[in-house]
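Sequential numbering of the sequence shown, starting at -13, is according to our numbering. Here the structure comes first, spelled out in structure tokens, and everything after it is commentary.
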Amino acid sequence: MTSAVALLVNEQRLLGPARGQILAGPSFLENSKESIIELWETVRMPNVFLPTIFIFLWQATPHSDSAMFYFTTNKLGFTPEFLGRVKLVTSVASLVGVGLYNGFLKNVSLQKIFLVTTISGSALGMTQVLLVTGLNRMLGISDEWFAIGDSLILTVLGQASFMPVLVLAAKLCPEGMEATLFATLMSISNGGSVLGGLIGAGLTQLFGVTKDRFDNLTFLIILCNLSSLLPLPLLGLLPQDNLDAKPEDSSDIEMKSN
-13 MTSAVALLVN EQRLLGPARG QILAGPSFLE NSKESIIELW ETVRMPNVFL PTIFIFLWQA
47 TPHSDSAMFY FTTNKLGFTP EFLGRVKLVT SVASLVGVGL YNGFLKNVSL QKIFLVTTIS
107 GSALGMTQVL LVTGLNRMLG ISDEWFAIGD SLILTVLGQA SFMPVLVLAA KLCPEGMEAT
167 LFATLMSISN GGSVLGGLIG AGLTQLFGVT KDRFDNLTFL IILCNLSSLL PLPLLGLLPQ
227 DNLDAKPEDS SDIEMKSN
């Protein structure tokens, strides 16, 4: 399906040199050196470097996803079929999160979006404690329905908070090296996410949570959710104005994000 849709993309044909014609130009190493120098000069600019630091630290906060996976499969007995349904729900929720940002949040300042979504995400993430302690069953909500609802809400909120990262990365890219800088910023963001997973794994081991022991899972969830608030004092590193593009720039940002 992807290959079929790719045929619909309208690309401008580039004319190559005539047969037998040799074009003189800088070597591959020279081009690579110039590109690296230009990329470094761009990344070290304050309007690019400071927001990148915040995004990295925001993604590097620990999470307890691995521990919760073992809890839901080994303790609650969720089957692969049910986990697939949860994955389907979260995929739809991601689209809802994109629509939420595009409809209501794209004119809001970046600092306010991160402040509200981070605090809300930390508070709503605490609802996993209800699932671990079984309080959801005391409220008349089954484990399956609670897991679906919890994943739905958290995914919508997470996607709505991640959309500004993509828009910010697209706006920071200077003309001429959009793809290179955008890929670099996304790599840094993904590196922060990997670091957060490693820190979460270390905390999981520190609390003695294994695939069969979940005595301290509640404390692990609380600590991970509270740690997501740590980057908030650094909100000043982000631009204060909103990210809504001018009409003439909207198509460029959309292309860069894609």
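Virtual Cβ for every residue (Gly too), placed ideally from N, Cα, C. Computed from a predicted model, the values in this text were never measured in an experiment.
Going by beta carbons, leucine 224 and phenylalanine 42 fall outside the 9 Å limit. Here leucine 25 is near leucine 167, since their CB atoms are less than 9 Å apart. Inter-residue distance for proline 48 and phenylalanine 90 is about 29 Å (C-alpha atoms, whole angstroms). Closest by C-alpha distance to leucine 154, out of Val34, Leu(-6) and Leu221, is Val34. Distance from isoleucine 207 to valine 72 at the Cβ level is roughly 18 Å; contact not present, criterion being Cβ atoms closer than 8 Å. Taking 9 Å as the cut-off, the Cβ atoms of serine 50 and threonine 103 do not count as close. Rounded to the nearest angstrom, the gap between the Cα atoms of leucine 171 and isoleucine 134 is 32 Å. For glutamine 114, the enclosing alpha helix (DSSP H) has its first and last residue at 114 to 119. Assigned with DSSP and collapsed to three states, glutamine -2 falls in coil, not helix or strand. Each residue's CA atom was taken as its position, placing methionine 112 and asparagine 211 some 7 Å apart.
9 Å or more divides the Cβ of leucine 216 from the Cβ of alanine 53. For threonine 196, the closest of Ser214, Phe132, Thr76 and Thr58 by C-alpha to C-alpha distance is Thr58. Counting along the chain, methionine 149 sits inside the alpha helix (DSSP H) bounded by residues 129 to 158. Its chain contains Ile41 and Ser175 as the residues whose beta carbon lies nearer than 7 Å to that of valine 151, once the 5 sequence neighbours on both sides are disregarded; these appear in chain order. Residue state for leucine 167 is assigned as helix, using DSSP reduced to three classes.
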